[in-house]
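Q: Those protein sequences? They're chains B and P, same order as listed. Sequential numbering of the first sequence, starting at 885, is according to this note's numbering. Sequential numbering of the second sequence, starting at 1002, is according to this note's numbering. The beta-carbon is built from N, C-alpha and C at its ideal position, and this holds for glycine as well. All values derive from a computational prediction rather than experimental measurement.
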Amino acid sequence: MGIREIRIAGFGGQGVVLSGQIVGQAASIHDKGFATLTQSYGPEARGGSCTSEVVISDEPIGYPYVQNPNVLIILSQEAYTKYVNDLPSDTLVIIDPNLVKPDPSQNPAPLAIPATHMARELGRVVVANIIMLGYLAAVSDILSPKALKKSVLTSVPKGTEEFNAKAFELGYNYGLEHGKKSKSKADG
Amino acid sequence: MSEDGILHGTFFMNGDVACAEGAISAGCRFFAGYPITPATEVAERMSERLPHVGGVYIQMEDEIASMNAVLGASWAGVKAMTATSGPGFSLMMENLGLGVILETPCVLVNIQRAGPSTGLPTLPAQGDMMQARWGSHGSYEIIALVPSSPQEIFDLIIEAFNLSERYRVPVLVMSDEAVGHMSEKVVIPEISPENLMSRRRPDVPPEEYLPYKADGDLVPPMAIAGEGYRFHVTGLTHDEKGYPVMTAEAQDKLVRRLVDKIKLNRNDIIKCEESDVEDAEIIVCAYGITSRIARLAVQQARNEGIRAGLLRLITVWPFAEERVKELAKQVKAFIVPEINYGQIVLEVERCAAGKASTVLVPHMGGSVHTPHTILNAIKESLQ
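1. For the segment 1190-1197 of chain P against the segment 1136-1151 of chain P, do three or more pairs of beta-carbon atoms, one drawn from each stretch, fall closer than 8 Å, so that the two count as touching?
2. For a quick check, are the C-beta atoms of P/Ile1112 and P/Ala1040 less than 8 Å apart?
3. Please check if any C-beta of chain P sits within less than 8 Å of the C-beta of B/Leu921.
4. Does DSSP classify B/Gly1063 as helix, strand or coil?
5. Count Cβ pairs between the segment 1361-1368 of chain P and the segment 1316-1323 of chain P that sit closer than 8 Å; are there 3 or more?
6. Identify the continuous alpha helix (DSSP H) that holds P/Ile1290 and give its terminal residues.
7. Which chain B residues are close to P/Thr1291, counting only those with a beta carbon under 7 Å from its beta carbon?
8. Can you say whether P/Met1247 is buried or exposed, counting buried as having 16 or more other CB atoms within 10 angstroms of its CB?
9. P/Asp1277 bridges to which residues according to DSSP?
10. Does chain B have any CB closer than 8 Å to the CB of P/Ile1294?
11. So the candidates are B/Ala993, B/Val968, B/Glu1005, B/Ile957; which of them puts its Cα closest to the Cα of B/Leu1020?
12. Is it buried or exposed, P/Val1205, if we count other Cβ atoms within 10 angstroms and call 16 or more buried?
13. Report the neighbours of B/Pro948 on chain P: residues whose CB is nearer than 8 Å to its CB, in chain order.
14. Could you list which residues in chain B have their beta carbon closer than 9 Å to that of P/Leu1297, in chain order?
15. From the DSSP output, in three-state form, read off P/Lys1080 for me.
16. At the level of alpha carbons, what is the spacing between P/Val1385 and B/His914?
17. Would you list, in sequence order, the uninterrupted beta strand (DSSP E) runs of no fewer than 3 residues that lie entirely inside the segment 1241-1286 of chain P?
18. Comparing the C-beta of B/Ile913 with each C-beta of chain P, is any distance below 8 Å?
19. Using 10 angstroms around the beta-carbon of P/Lys1262, count the other beta-carbons present and answer buried if the total reaches 16, otherwise exposed.
20. Using a Cβ-Cβ distance under 8 Å, would P/Phe1155 count as near chain B?
21. Would you tell me roughly how many angstroms separate the C-alpha atoms of P/Gly1016 and B/Leu921, rounded to the nearest one?
22. For the alpha helix (DSSP H) that contains B/Thr965, what are its first and last residues?
23. Check each candidate in P/Leu1072, P/Ala1077, P/Phe1013, P/Met1082 and name the one with the smallest Cα separation from P/Ile1025.
24. Considering Cα atoms alone, identify which of B/Ala1022, B/Gly904, B/Val900, B/Glu1053 is closest to B/Gly1063.
25. So that I know if they touch, is there some Cβ in chain B lying closer than 8 Å to that of P/Pro1221?
26. Can you check whether the C-beta of P/Phe1013 is within less than 8 Å of a C-beta belonging to chain B?
27. Go ahead and pull the three-state DSSP assignment for P/Arg1114.
28. Specify, as a first and last residue, the run of the beta strand (DSSP E) that B/Thr1000 falls within.
29. Does any residue of chain P have a CB that is nearer than 8 Å to the CB of B/Gly931?
30. Would B/Leu1027 and B/Val907 qualify as a contact pair, given that the criterion is a beta-carbon distance under 8 Å?
31. From the DSSP output, in three-state form, read off B/Ile979 for me.
32. Relative to chain B, which residues along the segment 1329-1355 of chain P have a C-beta separation below 9 Å, given in chain order?
33. Nearest to P/Gly1181 by alpha carbon, out of P/Pro1203, P/Val1147, P/Ile1159?
34. Indicate whether the contact test is met: 3 or more Cβ pairs, each with one atom in the segment 1046-1061 of chain P and one in the segment 1018-1037 of chain P, closer than 8 Å.
35. By Cβ distance below 8 Å, which residues in the same chain neighbour B/Gly1072 in space, the five residues on each side in sequence not counted?
36. Alpha carbon to alpha carbon, how far is P/Phe1090 from P/Arg1201? Give it in angstroms, no decimals.
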């Protein structure tokens, strides 16, 4: 499938880096590919800008940074402003609509999942990133859903697997229900 | 994790963590350091892990003391390491020299960031390559290895400990922020004891032991403090007993041996990796993170019909002098991309000795080369 690139951008505390870790681990350990994760963040432990980038390939990876993202997950307005311009037209942009107000002229319109709200409803806001990864598994073919789910379950703290599996399924089902639809709407 | 606390298996981990795990697998049981971006995760991981394998972690007051603590631990018989970045590396230089003259096995990791001075703490560079060679005062030889991936950091840390134990010399692992902070798949095998080297111990009775008397391989056996062997350590020029002798003759004998034990064994030490060099008319000579990007540039050049090849330096010091001299007879040019304003290129140029041209592709640090920049340099060198 060649090189696939994913960028996750938001602020510290949203699980941006853990999400990248889960994606990279899914691609290089649970699927049989190669993956490189890099990250950048400000000096603050929480609340500063934070980005993680994963390059996935069937061959060993030379250049470690994302150049033309296939998928862009945006979790803050600041990250939206920073990354949404000059994207290749086929980049899949995913936002949390409660955190990001997209530019109405953006075409195609981004996919949206209120992951933070859904996580709060489920009982723990910290699983918003896992809901988002479930959604990613449903709307993109960048990774196999099976590998991604397995990677989630081996990355979360012991004793929370069941809750995280529930969160993943929630996002996955939301993606099957709404994700493709909004994607085809955007296409058409 | 096995019962002895050593990690085995397949992990998705960053270079700094892989560095710490490599040290644990190599038998390192002492770490003294002072946290510094982008090497902090090495210290952090060691502080978590060492207590589980019966080791000791000490956060020292600074890097000068850290390096000294590492030397002391090594003399107590423990494999010891520290990890730092530019500003800390500068502070360690004085006692690195002490480690050289005391012939103390240990490993010093530098996760390079952009300098001079505090520079760009969170961003990559390869600006300390000459400092690695010449950073401490006096005439000496050092070993420096440069990994290009988290897996290779793991592998080379083990190699670094082996070389330091074999040759009784501090070994430098010169990584960079890009490799230290990137996560990739790392396979951690069970390392069998015969693949882990330990310093040769005295085989004479204590009363006959001379701590700096070397045999044919120029590396003296090393006694461990408290085992009944008498020894004396001093940074002053010393004789075979280890006592100061302030003469040109003693200096000549000692410094020659310190240099020659590395120089004469260079073929055992130096490792390079070559691809597409057989018919190459252009060779990109690169190391560390830059070698990964150089590989892409070489592949693209080949796709465009250019006979390009890659010489990847795994050991940077001692320098792969003989190989570069050989290749200089075959190629038109060496292209040397590095994240500094020209360091290893000077060695390539010296060895090419006018037989092939040498082109530096500099980068001041803060990011890495693009494959395109290196490809352009390849093309320009053919014009």
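A: This is what the structure holds:
1. no
2. yes
3. yes
4. helix
5. no
6. 1290-1304
7. Within chain B, no residue comes near P/Thr1291; the closest Cβ sits about 10 Å away, beyond 7 Å.
8. exposed
9. In the DSSP output, where bridge partners are listed per residue, P/Asp1277 has none listed.
10. yes
11. B/Ile957
12. exposed
13. Ala1179, Met1183, Ile1290, Arg1293, Val1369
14. Gly946, Tyr947
15. strand
16. A question about residue 1385 of chain P goes unanswered here, because the residues of chain P that appear run from 1002 up to 1384.
17. 1273-1276
18. yes
19. buried
20. no
21. 11 Å
22. 961-967
23. P/Met1082
24. B/Ala1022
25. no
26. yes
27. strand
28. Not the beta strand (DSSP E): B/Thr1000 falls in the alpha helix (DSSP H), residues 999-1006.
29. no
30. yes
31. strand
32. none
33. P/Val1147
34. yes
35. Annotation note: pLDDT 32 at B/Gly1072 (below 50); position unreliable, coordinate value reported separately. The answer is none, since no qualifying residue turns up.
36. 29 Å
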